[in-house]
Amino acid sequence: MIYLLLSILSSSIIFVVFKLYNKFGVNTLQAIIVNYYIACTVGFFGYIKNLEISEIPAQSWFPGTLILGVLFISVFYLAAITTQKSGLSVVSVATKMSVAIPVFAGIFLYKESTGIFKLSGIVLALVAVYLTSIKTREGLSIKKENLIFPLLVFLGSGIIDATINFLETTYVSETDVGLFSSTIFAIAGIIGTCILLGQAIAGKLKLSLKNVLGGVALGIPNYFSIYFLVMALRNPGFESSVIFTMNHVGIVTVSTLVGIAFFHERLLRKNWIGIFLAILSIVLVAYN
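For the sequence shown, position 3 matches number 4 in the numbering used here, and the numbering has no gaps at all.
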């Protein structure tokens with residue numbers, strides 16, 4: 002349980018860092034790419050011993066990290082497009098509702114339990130995520146021609162979680178968790194660097210120290226959000242569908258409370274209802 006709590010805390014810190022990006026005018030793409038290298042470095046120097054870089058491609062989980070690296074960058078790009086076309090709330094809902102994919106993958110692919118308390122908790126969790134993420138009285142407004150973008154963010158985010166769970170369950174040994182996590186970030190960073198090189202060739206790249214610092218601030222909690230999530234999934238006492246549900250709902254709840262405490266965000270009635278349902282869903286899923 003401690004790994005799950007640490008994963009929730011790390012992910013909530015990411016929320017704070019993104020909030021500060023807006024305040025200080027940080028270029029999100031550049032910071033994200035720097036963040037991948039920082040996250041990779043944290044893992045390589047802090048959690049990996051006796052490493053031979055040349056041996057990484059021979060690992061059974063390496064092809065999966067290539068897929069995850071591409072997905073990390075792709076989902077970020079799609080999230081940026083969705084924000085521009087439909088707003089931040091749409092991205093927030095699409096990302097957080099994606100928990101349905103790894104949860105149902107756990108139930109149908111790994112034959113995990115489906116008790117009444119657990120199923121009720123999962124349904125309440127999805128409702129809670131939606132209600133907590135909507136920050137306007139009008140709700141979501143998406144033009145039909147733009148619907149494809151949040152749908153792809155939903156699918157991409159869910160596939161990332163489901164793929165991490167599959168690789169962790171099937172290929173990643175306990176001693177390889179740090180190396181596995183770092184390799185994902187390294188690949189995403191390399192792909193991101195290629196994007197920046199393309200911008201530089203086109204004469205559109207403007208580097209700034211604050212973007213680098215923003216990447217450093219993001220990279221450390223980002224590494225631990227993945228590392229601790231993988232460690233939580235290794236706990237034999239909890240099924241993956243339970244871990245993912247509690248992780249996403251916990252992040253939504255903590256992030257919302259942090260927004261109130263530190264950024265003076267004002268919540269609507271439906272946001273408070275969402276927080277209540279989030280807590281209730283955690284109780285039901287944990288009780289099952």
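Cβ coordinates follow ideal geometry from the N, Cα and C atoms, glycine included.
Give me, in chain order, the residues of the same chain whose beta-carbon lies closer than 8 Å to that of residue i; leave out the 5 immediate sequence neighbours on both sides.
{"i": "Phe-63", "result": "Ile-57 and Thr-184"}
{"i": "Leu-127", "result": "Met-98, Val-100 and Ala-101"}
{"i": "Ile-68", "result": "Thr-164"}
{"i": "Leu-72", "result": "Gly-157, Ile-160, Ile-161 and Thr-164"}
{"i": "Asp-177", "result": "Gln-60 and Trp-62"}
{"i": "Phe-118", "result": "Leu-285, Val-286, Tyr-288 and Asn-289"}
{"i": "Val-18", "result": "Gly-215, Ala-218, Leu-219 and Pro-222"}
If residue i and residue j are in contact, beta carbons under 8 Å, what's the gap, nearest whole angstrom?
{"i": "Gly-216", "j": "Ile-39", "result": "6 Å"}
{"i": "Ile-34", "j": "Gly-220", "result": "Not a contact, Cβ separation roughly 10 Å."}
{"i": "Thr-257", "j": "Ile-276", "result": "6 Å"}
{"i": "Ser-87", "j": "Asn-147", "result": "5 Å"}
Identify, in the order they occur along the chain, each residue of the same chain with its Cβ nearer than 6 Å to the Cβ of residue i, setting aside the five sequence neighbours on each side.
{"i": "Phe-45", "result": "Ser-183"}
{"i": "Ala-95", "result": "Pro-151, Val-154 and Phe-155"}
{"i": "Gln-200", "result": "Leu-206"}
{"i": "Phe-263", "result": "none"}
Grouping DSSP H, G and I as helix and E and B as strand, with all else coil, what is residue i?
{"i": "Phe-239", "result": "coil"}
{"i": "Lys-86", "result": "helix"}
{"i": "Val-173", "result": "coil"}
{"i": "Gly-116", "result": "coil"}
{"i": "Gly-26", "result": "coil"}
{"i": "Arg-138", "result": "coil"}
{"i": "Ile-34", "result": "helix"}
{"i": "Ser-209", "result": "coil"}
{"i": "Gly-204", "result": "coil"}
{"i": "Arg-270", "result": "helix"}
{"i": "Val-178", "result": "helix"}
{"i": "His-265", "result": "coil"}
{"i": "Ile-143", "result": "coil"}
{"i": "Met-2", "result": "coil"}
{"i": "Leu-148", "result": "coil"}
{"i": "Tyr-224", "result": "helix"}
Which value, in whole angstroms, describes the spacing of the CA atoms of residue i and residue j?
{"i": "Thr-170", "j": "Val-76", "result": "23 Å"}
{"i": "Tyr-37", "j": "Val-243", "result": "28 Å"}
{"i": "Lys-301", "j": "Ile-54", "result": "In the structure displayed, the chain extends from 2 to 289; residue 301 sits before or after that span and is not available."}
{"i": "Gly-65", "j": "Ile-283", "result": "30 Å"}
{"i": "Val-130", "j": "Ala-279", "result": "7 Å"}
{"i": "Leu-6", "j": "Ile-274", "result": "23 Å"}
{"i": "Val-173", "j": "Ile-74", "result": "22 Å"}
{"i": "Ile-135", "j": "Ala-59", "result": "45 Å"}
{"i": "Gly-122", "j": "Tyr-4", "result": "21 Å"}
{"i": "Leu-269", "j": "Val-43", "result": "39 Å"}
{"i": "Leu-110", "j": "Ala-287", "result": "21 Å"}
{"i": "Ala-187", "j": "Lys-24", "result": "28 Å"}
{"i": "Leu-208", "j": "Ala-80", "result": "22 Å"}
{"i": "Asn-223", "j": "Ser-11", "result": "7 Å"}
{"i": "Gly-70", "j": "Ile-149", "result": "22 Å"}
{"i": "Arg-138", "j": "Ser-93", "result": "16 Å"}
{"i": "Leu-197", "j": "Gln-31", "result": "8 Å"}
{"i": "Cys-41", "j": "Glu-175", "result": "18 Å"}
{"i": "Leu-230", "j": "Ile-143", "result": "32 Å"}
{"i": "Ala-218", "j": "Met-2", "result": "26 Å"}
How would you label residue i, buried or exposed, when you count the other beta carbons within 10 angstroms and need 16 or more for buried?
{"i": "Asn-1", "result": "Only positions 2 to 289 of the chain appear in this structure, which leaves residue 1 out of reach."}
{"i": "Pro-237", "result": "exposed"}
{"i": "Cys-195", "result": "exposed"}
{"i": "Tyr-228", "result": "buried"}
{"i": "Ala-106", "result": "buried"}
{"i": "Leu-132", "result": "buried"}
{"i": "Ala-203", "result": "exposed"}
{"i": "Thr-83", "result": "buried"}
{"i": "Lys-145", "result": "exposed"}
{"i": "Phe-225", "result": "buried"}
{"i": "Gly-260", "result": "buried"}
{"i": "Gly-190", "result": "buried"}
{"i": "Leu-125", "result": "buried"}
{"i": "Met-232", "result": "buried"}
Return the chain-ordered list of same chain residues with a C-beta closer than 7 Å to the C-beta of residue i, the five sequence neighbours on each side being excluded.
{"i": "Leu-234", "result": "Asn-166, Glu-169, Ser-241 and Ile-244"}
{"i": "Ile-9", "result": "Asn-248, Gly-251, Ile-252 and Val-255"}
{"i": "Ile-108", "result": "Thr-115 and Ser-242"}
{"i": "Thr-29", "result": "Tyr-22"}
{"i": "Pro-103", "result": "Gly-159, Asp-162, Ala-163, Asn-166, Ser-241 and Phe-245"}
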